[in-house]
Amino acid sequence: MILEPLRIAEYAMMFSVLFFTVVMLLIYLRNRERITRSGQKKYEPTVSVVIPAYNEEETVGKTLESLLEVDYPKDKIEILVVDDGSTDKTAAVVRSFKDKRVVLLQKKNEGNKAFANNHGIRHSKGEVIITLDADSWVAKDAIRKLLAYFDTDVAAVTSAVKVREKDDLNFIEKLQRVEYLFTIFNRRLFAMINGVYVTPGPLSAFRRKVFDEVGLFDTNTIMEDQEIALRIQSANYRIESCMDAVVYTSVPRDFDALMKQRIRWNRGGMQNAMKYAFMVNPKYGDFGMFVMTYSIASILLLLLVSTVVAVAMTKIAETAYNDPLLAIEPIHVLSFIVLLLTIGWTVIALREINDKKTKKRIVLAYTILYCYLITLFMFIAIFKELKGEKQVW
Amino acid sequence: MELQKTKREISWKLYTAAFIISAIIFGIGMWTGLQIEKSVTEELSATVNKIDQQWISLETLMLMDSSPAFCDYLTQEMGSFDSETFTLGQRIGYMEERKGVDPSLKSEYMSLEVRDYLVANKINERCGANTSLVLYFVSSSNCSSCKEQGAQLTAARERTGARVYTFDMDVKNGMVSALAGVFKIGSYPSIVIDSEKQAGRMTADQIVSRING
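Protein sequence lines, in the order shown, are assigned to chains A and B.
Our numbering numbers the first residue of the first sequence as 1468 and each following residue consecutively.
Our numbering numbers the first residue of the second sequence as 12 and each following residue consecutively.
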């Protein structure tokens, strides 16, 4: 084994990947019962649901239908659809709903969803603001489940964002389905150490007071749902995560759309990580020392693990002497262990979420293939970010 | 409901436990990887010894009988050892290029090459075989053109069936130093074809032409 500085750095980073994986598994083991327990608070405040909509004529109707079905007192909920300068029939679809809970607000498009969210919040009256995407629909009990997590120090609660169930999910959608389920579980694990760093656009609930305290959504970022979460964390409030307030959302169906979405997420994520890098500080507790540190380091770590595994596979494949062992180094064994732990972690996540639909081969494909896809998107995002290419929402 | 700031904490116990578990898993992974590397090195070393024993048997046979009676057998054996030795050299080279190789294994391999060269020379003399023997002296640490010259030699070997022996002069080996002394090797790369030292670098065509000429 050659111990060059680069090689030592490679092993150090592999250790940190292993450490991150073990921390997450220990959080799970330490909080097994709490993780799946629903919120217990009897909290029934007035609620404003803000739905920013830009050219969503095909989906907003179903979103509203699902909202009007939710189990919540009619006099305590208002639904504000913000038509963000749509050029299609979004406004007409909203107007066709005669329910007095539904209010249509119209504004010109300013190029960022945050403007629409803020417009809706400014016109809302509820004690709790719920943001909902116009292409997502909520489960009947979702709002009650979200509210049951609010406590005196809880400023926001995230939901369980799932891929819309349908019979003809293609391969890319199936991979994202596993990813979304895995993310629900991980966000819940992060909540155990007050480490939630994103309040997803499809469905999240906020106390109005937190907006008064930290301000509304940032209109200068392309990942406003992550930025607001980081701002809430930096103000030392808690963000809870709820695994049983389900919202179904549409996901990209093809490679190009997925790539476009992920590049936007990655670039926004990088910008936010840099903006809030000051939180890598012990005074922010686990959030500062573990979550933020790994959020920033994850870019490097993702690249490292993917590269090591890819190089190992290439080396093994190119060994022309019928002896794959020749190519094996300790770091490949470590990568293999991390891969096994990740597969185990994914399986645990799916079991805890009570998902019985996912086939084993999709879990394997997600763990192995999808990591490379995500890394590819990360590479492109880093390149575009360094190049200073303009990113539109 | 009031909104109050939350109390921040660092879960030291969690991170300490995770660090210990990670260190144990890391240790197991490293140990397993190193064991695999060790077993590969041992297997290569065993192969060097096996081929070495086969050459000793041939040498013994040649000492027992100086007549050309065994020439067919000797020539045939020499051919089969050549491919085994060449593959072994490639495997050691592959390991060296990608992750380094134990110098003692490399030294063992070079001793085997010297023995192979000496016995092949004797077989050539006694049996009138005209197998070309090429010695190639390199420095793994201080020779930018050695890799390219090696590729030219490999190409020439494939075209002529010559036996090519590569010696890394950075690895300490008395037998190899003595052999280099015989041909007054002072710079790298240096090529000796059928006991004649060649001047400068050579293309595959030049090597083939020299071997055939």
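Ideal placement from N, C-alpha and C gives every residue a C-beta, glycine not left out.
For clarity, every value in this text was computed on a predicted model and none was experimentally measured.
Of the residues the options, the one placed nearest residue i, counting alpha carbons only
i: A:A1672; options: A:A1794, A:L1534, A:A1623, A:N1653; result: A:A1623
i: A:I1694; options: A:D1721, A:P1719, A:N1733, A:D1723; result: The sequence shown places Glu at residue 1694 of chain A, rather than the Ile named in the question. Taking only the C-alpha atoms, the option nearest A:E1694 is A:N1733.
i: B:V175; options: B:K183, B:Q160, B:G185; result: B:Q160
i: B:Q46; options: A:A1816, A:R1655, A:L1792; result: A:L1792
i: A:D1711; options: A:F1486, A:I1820, A:F1745; result: A:I1820
i: A:V1484; options: A:V1805, A:T1513, A:G1855, A:K1857; result: A:V1805
i: A:L1843; options: A:V1830, A:A1794, A:Q1728; result: A:Q1728
i: A:D1618; options: A:Q1738, A:M1759, A:S1553, A:R1674; result: A:R1674
i: B:I36; options: A:I1829, A:L1807, A:L1531, A:K1827; result: A:L1807
i: A:D1822; options: A:L1853, A:A1627, A:M1741; result: A:A1627
i: B:G172; options: B:K24, B:F92, B:T43, B:S78; result: B:F92
i: A:M1737; options: A:L1492, A:T1760, A:R1720, A:A1615; result: A:T1760
i: A:L1531; options: A:P1540, A:M1481, A:V1605, A:K1824; result: A:V1605
i: A:Q1643; options: A:G1578, A:Y1715, A:V1778; result: A:Y1715
i: A:T1666; options: A:A1744, A:L1725, A:K1607, A:I1596; result: A:I1596
i: B:Y128; options: B:L144, B:M75, B:A140; result: B:L144
i: B:S77; options: B:K133, B:M12, B:T142, B:K208; result: B:K133
i: B:E13; options: A:K1567, A:V1677, A:L1697; result: A:V1677
i: B:K208; options: B:D216, B:A215, B:V193; result: B:V193
i: B:D63; options: B:R126, B:C157, B:P114; result: B:R126
i: A:T1513; options: A:I1610, A:E1500, A:K1556; result: A:I1610
i: A:F1745; options: A:S1701, A:D1723, A:T1557; result: A:S1701
i: A:F1638; options: A:L1831, A:Y1539, A:R1720; result: A:R1720
Proximity below 8 Å, CB of residue i to CB of residue j
i: A:L1535; j: A:D1550; result: no
i: A:D1679; j: B:Q15; result: no
i: B:F178; j: B:E108; result: no
i: A:E1646; j: A:Y1837; result: yes
i: A:N1576; j: A:G1552; result: yes
i: A:F1486; j: B:A29; result: yes
i: A:I1763; j: A:K1851; result: no
i: A:F1649; j: A:A1816; result: yes
i: B:C154; j: B:Y199; result: yes
i: B:I196; j: B:F148; result: yes
i: A:K1508; j: A:Y1616; result: yes
i: B:M213; j: B:I202; result: yes
i: A:P1797; j: B:G38; result: no
i: B:A215; j: B:A167; result: yes
i: B:S118; j: B:V182; result: yes
i: A:E1640; j: A:V1718; result: yes
i: A:T1873; j: A:T1809; result: This structure cannot speak to residue 1873 of chain A, because chain A is shown only from 1468 to 1860.
i: A:R1568; j: A:K1607; result: no
Where residue i falls: helix, strand or coil (DSSP)
i: B:I196; result: coil
i: A:A1787; result: Residue confidence is low: A:A1787 scores 47 on pLDDT, short of 50, so the model does not pin down where it sits. No coordinate-derived value is stated.
i: A:I1596; result: strand
i: B:S78; result: coil
i: B:L14; result: coil
i: A:S1440; result: Because residue 1440 of chain A is not part of the residues shown, which for chain A are 1468 to 1860, the question remains open.
i: A:L1636; result: coil
i: A:Y1664; result: coil
i: A:V1830; result: helix
i: B:A210; result: coil
i: B:Y176; result: strand
i: A:S1671; result: strand
i: A:K1624; result: In the sequence as presented, Lys is not what sits at residue 1624 of chain A; that position holds Val. In the structure shown, A:V1624 sits in a strand (DSSP, three-state: E or B).
i: B:V226; result: Residue 226 of chain B is absent from the structure shown; chain B starts at 12 and stops at 224.
i: B:S155; result: coil
i: B:V182; result: coil
i: B:V187; result: helix
i: B:I204; result: strand
i: A:S1603; result: strand
i: A:K1580; result: helix
i: B:Q217; result: helix
i: A:E1856; result: coil
Does the structure place the segment 1658 to 1668 of chain A close enough to the segment 1533 to 1548 of chain A that three or more beta carbon pairs sit under 8 Å?
no
Could you say if the segment 1745 to 1763 of chain A and the segment 15 to 25 of chain B meet the contact criterion of at least three C-beta pairs nearer than 8 Å?
yes
Three CB pairs or more closer than 8 Å across the segment 44 to 59 of chain B and the segment 90 to 103 of chain B:
yes
Quick check on the DSSP output: what are the complete alpha helix (DSSP H) runs of length 4 or more inside the segment 1497 to 1565 of chain A, in order along the chain?
1499 to 1503, 1527 to 1535, 1557 to 1562
Assess contact between the segment 1576 to 1594 of chain A and the segment 1630 to 1638 of chain A, defined as three or more Cβ pairs (one per stretch) separated by less than 8 Å. Is contact present?
no
At 4 residues or longer, what runs of the alpha helix (DSSP H) sit wholly inside the segment 1681 to 1719 of chain A?
As summarised for the segment 1681 to 1719 of chain A, the continuous alpha helix (DSSP H) elements at least 4 residues long and confined to that stretch are 1691 to 1701, given in chain order.
Specify whether the segment 1519 to 1527 of chain A and the segment 1566 to 1584 of chain A touch according to this definition: at least 3 beta carbon pairs, one from each stretch, less than 8 Å apart.
yes
Do the segment 1524 to 1533 of chain A and the segment 1594 to 1608 of chain A touch if we need at least three Cβ pairs shorter than 8 Å?
yes
Where the segment 28 to 53 of chain B meets chain C: residues whose CB sits under 7 Å from a CB there:
This model lacks chain C altogether; the protein chains it does include are A and B.
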